[in-house]
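Undergrad:
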Amino acid sequence: MTTKMGIEVSVAIGEAVKLANTDVVAAYPITPQTHIVEHLAELVADGDLAAEYMPVESEHSAMSACLGAAAVGARTFTATAGQGLELMHEVLYVASSMRLPIVMAVANRALSSPISIWGDHSDAMAVRDTGWIQIFGENGQEVIDNVLCAFRIAEDRRVLLPVMIHLDAFHLTHMVEPITFPEKSKVDQFIPPNEYPLPLDPNKPVTMGGFGPPPIYTEVKWAQEVNLRAAKEVILQVWQEFGDTFGRYYSPVECYRSEGSRVLLLTMGSFSETAMAAIDKMKSEGKDVGLIKLRLWRPFPFDEIRQAVKDAEVLIVLDRAISFGGPGGPVCSEIKSALYQQERKPKVIGFVGGLGGRDISVAGFEEIVSRGIEISETGSSQEFEIFGVRE
Amino acid sequence: MVKPEGALTWKDIEIGFMVTEPGSASQYRTGDWRSQKPIFDLEKCIKCGLCYIYCPEGCIRQNAEGDFEADMYYCKGCGICARECPKDVITMVEEEE
Chain A
1 MTTKMGIEVS VAIGEAVKLA NTDVVAAYPI TPQTHIVEHL AELVADGDLA
51 AEYMPVESEH SAMSACLGAA AVGARTFTAT AGQGLELMHE VLYVASSMRL
101 PIVMAVANRA LSSPISIWGD HSDAMAVRDT GWIQIFGENG QEVIDNVLCA
151 FRIAEDRRVL LPVMIHLDAF HLTHMVEPIT FPEKSKVDQF IPPNEYPLPL
201 DPNKPVTMGG FGPPPIYTEV KWAQEVNLRA AKEVILQVWQ EFGDTFGRYY
251 SPVECYRSEG SRVLLLTMGS FSETAMAAID KMKSEGKDVG LIKLRLWRPF
301 PFDEIRQAVK DAEVLIVLDR AISFGGPGGP VCSEIKSALY QQERKPKVIG
351 FVGGLGGRDI SVAGFEEIVS RGIEISETGS SQEFEIFGVR E
Chain B
392 MVKPEGALTW KDIEIGFMVT EPGSASQYRT GDWRSQKPIF DLEKCIKCGL
442 CYIYCPEGCI RQNAEGDFEA DMYYCKGCGI CARECPKDVI TMVEEEE
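Respectively, the protein sequence lines represent chains A and B. The letter at position 59 of the first sequence is residue 59 when you use this note's numbering, and the numbering goes up by one with no holes. Convert by adding 391 to the 1-based position in the second sequence; the result is the number in this note's numbering.
1) Does the distance from the CB of A/K18 to the CB of A/D46 come in under 8 Å?
2) So, are the CB atoms of A/S96 and A/P162 less than 8 Å apart?
3) Please return the same chain residues whose Cβ sits closer than 7 Å to the Cβ of A/G209, not counting the five positions on each side in sequence.
4) Between A/L148 and A/A20, is the Cβ-Cβ spacing less than 8 Å?
5) With DSSP as the reference, please indicate the residues paired to A/H174 in a beta bridge.
6) Expressed to the nearest angstrom, what Euclidean distance is found between the alpha-carbon atoms of A/E366 and A/A62?
7) Which whole-angstrom value describes the C-beta separation of A/R295 and A/S251, a residue pair presumed to lie in contact below a C-beta threshold of 8 Å?
8) Could you please give the first and the last residue of the uninterrupted beta strand (DSSP E) stretch that includes A/N108?
9) Tell me, please, whether the CB atom of A/A70 is closer than 8 Å to any CB atom in chain B?
10) Which residue or residues does DSSP assign as beta-bridge partners of A/V263?
11) Work out the CA separation of B/S415 and B/M392 for me, nearest whole Å.
12) Are the Cβ atoms of A/G6 and A/V238 separated by less than 8 Å?
13) Let me check understanding here. Comparing Cα to Cα, which of B/P477, B/E396, B/R452, B/M409 lies closest to A/Q224?
14) DSSP state of B/A455, grouped into three classes?
15) How far does the alpha helix (DSSP H) with A/H35 in it reach, from first residue to last?
16) Roughly how many angstroms separate the alpha carbons of A/V106 and A/E343, rounded to a whole number?
17) So what does DSSP say about B/C469, is it helix, strand or coil?
18) So for A/Q134, helix, strand or coil by DSSP?
19) Which residues in chain B have a C-beta closer than 7 Å to the C-beta of A/A223? List them in chain order.
20) Do we get a CB-CB distance below 8 Å when we pair B/T411 with the residues of chain A?
21) Looking at C-beta atoms only, is the number of pairs between the segment 304-318 of chain A and the segment 332-339 of chain A that lie closer than 8 Å three or more?
22) Alpha carbon to alpha carbon, how far is A/I292 from A/V253? Give it in angstroms, no decimals.
23) Scan the segment 159-192 of chain A for residues whose Cβ lies nearer than 8 Å to a Cβ of chain B and list them as they occur along the chain.
24) Within its chain, find whatever has a CB closer than 7 Å to the CB of B/R420; leave out the 5 residues flanking it on each side and keep chain order.
25) Go to A/D201, then tell me how far its beta strand (DSSP E) extends in each direction, as first and last residue.
26) Does the segment 212-228 of chain A come close enough to the segment 394-403 of chain B that 3 or more CB-CB pairs lie under 8 Å?
27) Going by beta-carbon coordinates alone, are A/H174 and A/G269 separated by less than 8 Å?
28) Return the residue from the list A/G14, A/M125, A/E42 that minimises the CA-CA distance to A/I322.
29) For a test of the three-state rule: what should DSSP assign to A/I7, helix, strand or coil?
30) So what does A/H166 bridge to, in DSSP terms?
31) With 8 Å set as the bound, which would you pick, yes or no: does the beta-carbon of A/V411 sit closer than that to a beta-carbon of chain B?
32) Can you tell which of B/A398, B/E396, B/G407, B/W424 has its C-alpha closest to the C-alpha of B/C469?
33) Output the distance between the C-alpha atoms of A/G290 and A/E374, rounded to the nearest integer angstrom.
34) When you compare the CB positions of A/L200 and B/I406, do they come within less than 8 Å of one another, or not?
35) Taking B/F408 as the query, report the chain A residues whose CB atoms sit under 7 Å from its CB, ordered along the chain.
36) Comparing the C-beta of A/L265 with each C-beta of chain B, is any distance below 8 Å?
Pasting the structure below:
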């Protein structure tokens, strides 16, 4: 039966991975991901999850072991954060190019140096172009639901791609939240057994990860790109079916009190929760501002974003990562390019904030919105502004 | 028979570019890499077979007449056969355009 309990989100992820009948977990512990893999190790050691747990010597090895596991058709999970995700970097491309359905939770953490175990989106943005499906969670329930959806999406024959579920360090990983766990029998129906179409099998040998000289490399990469873009339809179907089965519906872009608003704020990840409180406060004071929350980062939901912001005059985008020497935050620049060719579009104002675990309060979001409106009227000498930096 | 790589469209690509038939590397024309080609002066050849043994591509063979020849589909023009031949049978000459 459905159970609702107060549980740390990291531990809940372990429970969701168990509910999904995962076969292999290969992982290396790193703060703030540690509780996820610790709990999985415990579940396997206690005989509560019939999976192979591979305690490897690095994140590079963790992802490499996941390639092998997924290639034989095992349901495969791992988790990492920050520097660990960076150490995996080259293998991430291999996973997506070889079309291996691996699910990974990423406890978004700032990158060194200076060393920081706290949260921002620098790690996620550095793996933006690795060809993985990437979904950002706003709260614990979203993360748990999307871990379940991720197996279903990744293993769908039309997709066969790895999926990252991003959750903010500490603000989500270490929070005790009320989480509703779906009924095991319903999860079993929702996520059918993994049937990878061409698994490594001595009786039917295949070569994986072969040589791609100039006459074929372009065709292989285009096939991969078409496949990732087409995955959006499947993601939408899976979210619809998840909603119909379990009662919680998700969409690539979520609008919160944004209808008819002249000014919109856009956030990604756990900051959306505080931003909602800020929007409520500003609305109650008669301010004309709404919120757009970006959940699906790859494949990028172009149509949904255009639709969500087309009637606004000002769109204020908050990034939790800097693209050094570049146009501003990665989210803001992608939204700008998605809107550039549109006839009707808002002015897009970019802020970077919440770096290395620094909080942005309700008052902080109010300040971002009022400064954003000011920039939209007077302009700014900078490509983007950084919020909260001491001058 | 699978299509040669140069004839595949992106729609023909197997999941993850997997290769489902063995021996596909034999389709790869390493002869494209060549800038020089071996010319055999068979009058001088004593049929010791050293060219056959040393060829790193394994593309030199003895034909029905007993003469050694290189398979130009694979020969990369490395010149090892010419270097090793004790009778200077093989000369490397520039490929023409």
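In this text, a Cβ means the ideal position worked out from N, Cα and C, and glycines have one as well.
TA: In short, the structure shows the following:
1) Numbered from its first residue, the first sequence carries residue 18 of chain A at position 18. Numbered from its first residue, the first sequence carries residue 46 of chain A at position 46. No. Outside cutoff.
2) Against the first sequence, residue 96 of chain A aligns to sequence position 96. Against the first sequence, residue 162 of chain A aligns to sequence position 162. Less than 8 Å divides the Cβ of A/S96 from the Cβ of A/P162.
3) Here residue 209 of chain A corresponds to residue number 209 of the first sequence, with the count starting at 1. Counting only Cβ-Cβ distances below 7 Å, and skipping sequence neighbours, we find V94, M98.
4) In the first sequence, the residue the question calls residue 148 of chain A occupies position 148. In the first sequence, the residue the question calls residue 20 of chain A occupies position 20. Yes. Within cutoff.
5) Here residue 174 of chain A corresponds to residue number 174 of the first sequence, with the count starting at 1. Secondary-structure assignment with DSSP links A/H174 through no beta bridge to anything.
6) Locating residue 366 of chain A in the first sequence gives position 366, counting from the first residue. Locating residue 62 of chain A in the first sequence gives position 62, counting from the first residue. Rounded to the nearest angstrom, the two C-alpha atoms are 42 Å apart.
7) The residue given as residue 295 of chain A occupies position 295 in the first sequence. The residue given as residue 251 of chain A occupies position 251 in the first sequence. Right, the Cβ-Cβ distance comes to about 7 Å (below 8 Å), so this counts as a contact.
8) Translated into positions along the first sequence, residue 108 of chain A becomes position 108. 102-108 is the span of the beta strand (DSSP E), which, as asked, contains A/N108.
9) As a position in the first sequence, residue 70 of chain A is number 70, starting the count at 1. Not an interface residue.
10) Reading the first sequence from its first residue, position 263 is the one you call residue 263 of chain A. A/V263 pairs with A/V289, A/V314.
11) Locating residue 392 of chain B in the second sequence gives position 1, where the first residue counts as 1. Locating residue 415 of chain B in the second sequence gives position 24, where the first residue counts as 1. Its pLDDT being 42, under 50, B/M392 is placed unreliably in this model, and the coordinates cannot settle the point.
12) Position 6 of the first sequence, counted from the first residue, corresponds to residue 6 of chain A. Position 238 of the first sequence, counted from the first residue, corresponds to residue 238 of chain A. Going by C-beta atoms, A/G6 is not nearer than 8 Å to A/V238.
13) Within the first sequence, residue 224 of chain A is the residue found at index 224, counting from 1. When each option's Cα is compared against that of A/Q224, the closest is B/M409.
14) Position 64 of the second sequence, counted from the first residue, corresponds to residue 455 of chain B. Here B/A455 sits in coil by DSSP.
15) Position 35 of the first sequence, counted from the start, is the residue given in the question as residue 35 of chain A. Per DSSP, the unbroken alpha helix (DSSP H) holding A/H35 starts and ends at 34-45.
16) Counted from its first residue, the first sequence places residue 106 of chain A at position 106. Counted from its first residue, the first sequence places residue 343 of chain A at position 343. Rounded to whole angstroms, A/V106 to A/E343 spans 37 Å at the Cα level.
17) For this step, residue 469 of chain B is matched to residue 78 along the second sequence. In the structure shown, B/C469 sits in coil (DSSP, three-state: anything other than H, G, I, E or B).
18) Counting from one through the first sequence, the residue named residue 134 of chain A turns up at place 134. If DSSP states are grouped into helix, strand and coil, A/Q134 belongs with the strands.
19) Translated into the one-based positions of the first sequence, residue 223 of chain A becomes position 223. Chain B residues near A/A223: W401, I404.
20) As a working note, residue 411 of chain B is residue 20 in the second sequence. B/T411 counts as touching chain A.
21) yes
22) As a position in the first sequence, residue 253 of chain A is number 253, starting the count at 1. As a position in the first sequence, residue 292 of chain A is number 292, starting the count at 1. Their Cα atoms are separated by approximately 7 Å.
23) L160
24) Within the second sequence, numbered from 1, the residue matching residue 420 of chain B stands at position 29. For B/R420, where only same-chain residues beyond five positions count, the Cβ hits under 7 Å are Y464.
25) As a first step, residue 201 of chain A is located in the first sequence; it is residue number 201 there, counting from the start. Counting along the chain, A/D201 falls outside any beta strand (DSSP E), and DSSP gives it neither H nor E.
26) Output reads yes: the segment 212-228 of chain A touches the segment 394-403 of chain B.
27) By 1-based counting over the first sequence, the position of residue 174 of chain A is 174. By 1-based counting over the first sequence, the position of residue 269 of chain A is 269. No, they are not a contact pair.
28) To locate residue 322 of chain A, count along the first sequence from 1; it is residue 322. Among A/G14, A/M125, A/E42, the Cα nearest to that of A/I322 belongs to A/M125.
29) Taking the first sequence and counting its residues from 1, the one referred to as residue 7 of chain A is at position 7. It is a strand residue.
30) Walking along the first sequence from the start, residue 166 of chain A turns up at place 166. Paired residues: A/V106, A/F136.
31) The requested residue 411 of chain A is not part of the displayed model; chain A covers only 1 to 391.
32) By 1-based counting over the second sequence, the position of residue 469 of chain B is 78. When only C-alpha atoms are compared, the closest one is B/W424.
33) Locating residue 290 of chain A in the first sequence gives position 290, where the first residue counts as 1. Locating residue 374 of chain A in the first sequence gives position 374, where the first residue counts as 1. If you take the alpha carbons of A/G290 and A/E374, they lie about 17 Å apart.
34) To locate residue 200 of chain A, count along the first sequence from 1; it is residue 200. To locate residue 406 of chain B, count along the second sequence from 1; it is residue 15. It is not a contact, given that the beta carbons lie outside the stated cut-off.
35) The count along the second sequence starts at 1 and reaches residue 408 of chain B at position 17. Result: G210, G212, V220.
36) Walking along the first sequence from the start, residue 265 of chain A turns up at place 265. Taking Cβ atoms only, chain B never reaches closer than 8 Å to A/L265, which makes this a no.
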